[in-house]
Amino acid sequence: MSRLDAVRPRRLWRAVTLAVVGTVAVASAVVVGHGNAYAVTIDPNAWYQIVSRHSGLAVSVSGGSTADGAGLVQATRGSQTSQQFQFVSSGGGYYRIRARHSGKVLDVYNFSTADGANVVQWSDLNGTNQQFSVLDTTSGFVKMINRNSGKALDVWERSTVDGARISQYTDNGGDNQQWQLVNVAGGGPTGTPSPNTFANPIKLNGPDPWLQYHNGYYHLATTTWNSTITMRRSRTLGGLATATDQVVFNLAGRANGCCNMWAPEFHLLNGPSGQRWYLYYVAGQNVADFNPTQRLHVLESAGTDPMGPYTFKADLGNDWQLDASVLQVNGNTYLMGTYGGDGAGQSNFIQRLSNPWTLTGPRVRISSPTLAWERQTAPVNEGPEPLYHNGRTMIVYSASACWGPDYKLGLLTLTGSDPMSAASWTKHPNPVFQRNDANGVYAPGHNGFFKSPDGTEDWIVYHANSSAGGGCDMNRSTRAQRFTWNADGTPNFGVPARLGVTLTAPSGEVG
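Going by our numbering, the sequence shown runs without a break in its numbering and finishes at 574.
Written out as structure tokens, the structure is:
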């Protein structure tokens with residue numbers, strides 16, 4: 064960011080065509096009477112996750128129950144066997160869908176033919192209410208039609224939340240009736256479909272990015288440098304590049320922060336009303352020298368949709384502070400950010416939060432630009448971001464001037480017991496991510512972290528420039544790439560990828 068020295072109605076019907084992923088192959092000679100749908104050939108020895116196109120969540124037996132009558136719901140994808148199913152042929156193109164953990168099969172309760180009837184698990188009786196045809200119409204997904212009722216497996220009310228029930232409903236082609244069959248290799252962690260790909264950038268003119276994967280969508284917010292906070296979302300990481308920004312909050316008219324919005328971050332935290340998204344951002348006044356007026360602020364969502372709606376919650380402090388983020392350690396929640404540094408140069412701070420919008424106790428400086436690589440063009444520590452791995456708590460931060468080509472990432476590790484003590488944090492002696500002239504990437508920084516949809520991979524999102532002369536402005540673009548871990552438990556970010564290079568999308572991506 065620029066610094067002190069820089070200037071549903073119930074259902075949305077939609078006709079679609081479908082196809083199967085992984086080891087499921089099209090048997091296009093077998094015509095089944097649902098529009099242009101065809102039966103598919105399924106590996107009877109394989110186990111599959113059944114993933115909703117609409118939500119990105121997996122069909123799951125509620126609570127991992129083994130009882131007859133346990134309901135089917137959608138849930139975040141994992142490796143649990145209550146999300147793994149085998150397709151057992153009943154002949155005539157129909158299958159019973161057997162849960163791995165219980166040996167029981169999907170069943171339309173009590174032979175119902177009604178729209179909205181519950182789908183449960185039940186002992187395998189090979190009843191017609193336990194038999195489904197699996198149909199493909201050639202574009203990436205399948206639908207499953209119950210033999211008894213002729214109705215489709217359906218996420219009730221097009222819900223995108225964990226725990227929403229699985230029902231049957233008239234076959235209408237809705238994306239909540241479309242499913243991806245993901246082969247689970249050997250019963251271990253969830254296998255991936257034929258991988259999607261993408262190329263950076265995932266957003267032009269996207270400085271200070273924050274990205275979270277939630278309920279089947281990637282959500283991305285970046286600096287706008289105006290009076291709006293915007294967000295875009297996509298089923299795929301690559302799709303963010305062409306997704307439309309939506310205004311989630313307008314700052315116009317706010318005396319203490321109407322303008323020049325920077326560095327938005329949205330965190331799902333527990334508040335007095337339960338889980339809510341808290342959107343932290345920087346904004347200041349509409350004056351010629353606006354930078355000294357920049358302050359931290361926070362919004363609260365009405366529910367659990369990252370897109371809002373949001374209401375203003377609080378101003379956080381009354382002096383120059385930037386780059387708010389949230390650290391959680393031992394049940395306590397802390398605000399992190401950057402400030403003037405009390406004479407030590409632009410530094411990173413930490414301060415306790417009594418709730419997501421209320422600061423308590425002192426503000427403590429935990430890192431300052433003391434090393435030569437943190438002082439290129441100007442001495443700066445900023446943009447602290449939490450990173451957790453195998454019980455280790457770390458902070459990845461940006462160092463040196465954002466308006467120079469040597470902006471980069473550094474690393475702090477919590478080696479003491481008190482995150483409010485600077486002595487508890489150990490600074491890595493070298494940068495962990497920096498410019499790569501061979502790839503044409505300069506000033507990579509102001510990052511965030513997110514998990515792949517199946518939870519098995521770690522990813523970094525960051526901004527960078529494409530020339531050494533690039534500035535600290537809206538020309539910086541948003542990029543993302545996978546990272547791994549060193550033997551000592553520290554992150555291995557590799558080198559920033561060249562723009563336009565084809566990269567494999569995050570594991571478990573559906574879309």
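Each residue gets a CB set at the ideal place from its N, CA and C atoms; glycine is no exception.
Simplified DSSP assignment, three categories, for residue 304: As a working note, residue 304 is residue 241 in the sequence shown. Helix, per DSSP.
Residue 362 to residue 122 span [Cα, whole Å]: Sequence index remark: in the sequence shown, residue 362 carries index 299 (1-based). Sequence index remark: in the sequence shown, residue 122 carries index 59 (1-based). Roughly 33 Å between the two C-alpha positions.
Helix, strand or coil at residue 22 according to DSSP, with G and I counted as helix: An answer regarding residue 22 cannot be provided, because it is not within the stretch 64 to 574 covered by the chain.
Rounded straight-line distance, which links the Cα of residue 522 to that of residue 159: Position 96 of the sequence shown holds residue 159. Position 459 of the sequence shown holds residue 522. Cα to Cα, residue 159 sits roughly 38 Å from residue 522.
Residue 402 vs residue 385 beta-carbon contact at 9 Å: Working through the sequence shown from its first residue, we reach residue 402 at position 339. Working through the sequence shown from its first residue, we reach residue 385 at position 322. Contact annotation: residue 402 and residue 385 have beta-carbon atoms nearer than 9 Å.
Counterpart residues of residue 151 in DSSP-defined beta bridges: Numbered from its first residue, the sequence shown carries residue 151 at position 88. Looking at the DSSP assignment, residue 151 forms a beta bridge with 159.
Nearest candidate by alpha-carbon position, reference residue 195, set 392, 223, 426 and 216: For this step, residue 195 is matched to residue 132 along the sequence shown. Nearest option by C-alpha distance: 216.
Reference residue 353, options 460, 303, 290 and 534, closest by Cα: Taking the sequence shown and counting its residues from 1, one reaches residue 353 at position 290. Taking the Cα of residue 353 as reference, the smallest distance to any Cα among 460, 303, 290 and 534 is reached at 290.
Residue 424 versus residue 138: straight-line alpha-carbon distance, rounded: By one-based count along the sequence shown, residue 424 stands at place 361. By one-based count along the sequence shown, residue 138 stands at place 75. The straight-line gap from Cα to Cα measures roughly 39 Å.
Reduced DSSP category for residue 374 - H, G, I as helix; E, B as strand; rest coil: The residue given as residue 374 occupies position 311 in the sequence shown. Of the three classes helix, strand and coil, the one that applies to residue 374 here is strand, per DSSP.
Cβ contact (3+ pairs, closer than 8 Å) linking the segment 552-561 and the segment 493-512: yes
DSSP state of residue 387 mapped onto helix, strand, coil: Taking the sequence shown and counting its residues from 1, one reaches residue 387 at position 324. It is a strand residue.
Buried versus exposed call for residue 500 [16 or more other C-beta atoms within 10 Å across all chains shown]: For the purposes of this step, residue 500 is taken as the residue at position 437 of the sequence shown. By the 10 Å Cβ count, residue 500 comes out exposed.
Cutoff 6 Å; reference residue 251; Cβ partners in own chain excluding five residues on either side: Start at 1 with the first residue of the sequence shown, and residue 251 comes out as number 188. Per-residue confidence for residue 251 stands at a pLDDT of 32, beneath the threshold of 50, marking its modelled position as unreliable; the derived number appears in the next sentence. Once the five neighbours on either side are set aside, residue 251 has no close Cβ partner at all.
Selection from 231, 111 and 498 that minimises the alpha carbon distance to residue 176: Against the sequence shown, residue 176 aligns to sequence position 113. Measuring from the Cα of residue 176, the nearest candidate turns out to be 231.
Distance between residue 134 and residue 447 (C-alpha atoms, nearest Å): Counting from one through the sequence shown, the residue named residue 447 turns up at place 384. Counting from one through the sequence shown, the residue named residue 134 turns up at place 71. In a straight line, the C-alpha of residue 447 is about 43 Å away from that of residue 134.
DSSP bridge partner residues for residue 322 (one or two, in chain order): Indexing the sequence shown from 1 puts residue 322 at position 259. In the DSSP output, where bridge partners are listed per residue, residue 322 has 347.
Selected residue, minimal CA-CA separation from residue 475, among 469, 467 and 487: The sequence position of residue 475 within the sequence shown is 412, counting from 1. For residue 475, the nearest C-alpha among the options comes from 487.
Cβ neighbours of residue 125 in the same chain (closer than 8 Å, five flanking residues each side left out): Numbered from its first residue, the sequence shown carries residue 125 at position 62. Here the set comprises 133, 134, 135, 136 and 226.
Closest residue to residue 269 among 262, 259, 288 and 280 (Cα-Cα distance): To locate residue 269, count along the sequence shown from 1; it is residue 206. Ranking the options by Cα distance to residue 269, first place goes to 288.
Beta carbon of residue 525 nearer than 9 Å to that of residue 272: Here residue 525 refers to the residue found at position 462 when the sequence shown is read from its first residue. Here residue 272 refers to the residue found at position 209 when the sequence shown is read from its first residue. Residue 272 sits close to residue 525, with the two beta carbons spaced by under 9 Å.
Alpha-carbon spacing of residue 142 relative to residue 433, whole angstroms: Taking the sequence shown and counting its residues from 1, one reaches residue 142 at position 79. Taking the sequence shown and counting its residues from 1, one reaches residue 433 at position 370. Residue 142 and residue 433 have their C-alpha atoms roughly 44 Å apart.
Contained beta strand (DSSP E) runs [length at least 3] in the segment 374-455, N- to C-terminal order: 384-392, 395-402, 410-418, 421-430 and 444-452
Under 9 Å between C-beta atoms of residue 541 and residue 285: If you number the sequence shown from 1, residue 541 lands on position 478. If you number the sequence shown from 1, residue 285 lands on position 222. Contact: yes.
Burial state of residue 185 (16 or more Cβ within 10 Å): Here the question's residue 185 lines up with position 122 in the sequence shown. Counting Cβ neighbours within 10 Å, residue 185 comes out buried, since at least 16 surround it.
8 Å contact criterion, which residue 510 and residue 564 should meet: CB distance rounded: As a position in the sequence shown, residue 510 is number 447, starting the count at 1. As a position in the sequence shown, residue 564 is number 501, starting the count at 1. Contact flag wrong, Cβ pair sits at about 19 Å.
Helix, strand or coil at residue 86 [DSSP, three-state]: Looking up residue 86 in the sequence shown gives position 23. Here the model assigns residue 86 a pLDDT of 33, short of 50, so the residue's position is not dependable, and the following value carries that caveat. DSSP places residue 86 in coil when its eight states are reduced to three.
Distance, residue 222 Cα to residue 39 Cα: Outside the displayed range of the chain (64 to 574) lies residue 39, so it cannot be described from this structure.
Spatially closest choice to residue 111 from 238, 237 and 243, by CA coordinates: As a working note, residue 111 is residue 48 in the sequence shown. Minimum Cα distance to residue 111 is reached at 243.
Strand pairing of residue 527, partner residues [DSSP]: Taking the sequence shown and counting its residues from 1, one reaches residue 527 at position 464. Residue 527 is bridged to 540.
Rounded separation between residue 387 and residue 455 - CA only: Taking the first residue of the sequence shown as 1, we reach residue 387 at position 324. Taking the first residue of the sequence shown as 1, we reach residue 455 at position 392. Distance between the alpha carbons of residue 387 and residue 455 is about 21 Å.
Closest by C-alpha distance to residue 472, when choosing among 457, 496 and 199: Counting from 1 along the sequence shown, the entry for residue 472 is found at position 409. When each option's Cα is compared against that of residue 472, the closest is 496.
Among 391, 351 and 375, nearest to residue 342 - alpha-carbon criterion: Taking the first residue of the sequence shown as 1, we reach residue 342 at position 279. The candidate whose alpha carbon is nearest that of residue 342 is 375.
Option nearest residue 210 by Cα separation, candidates 170, 274 and 131: Working through the sequence shown from its first residue, we reach residue 210 at position 147. Of the candidates 170, 274 and 131, 170 places its Cα closest to the Cα of residue 210.
Test item: CB-CB of residue 305 and residue 567 under 9 Å: The residue given as residue 305 occupies position 242 in the sequence shown. The residue given as residue 567 occupies position 504 in the sequence shown. Going by C-beta atoms, residue 305 is not nearer than 9 Å to residue 567.
Rounded distance between the beta-carbons of residue 219 and residue 179, thought under 8 Å: Within the sequence shown, numbered from 1, the residue matching residue 179 stands at position 116. Within the sequence shown, numbered from 1, the residue matching residue 219 stands at position 156. 7 Å between Cβ atoms; contact.
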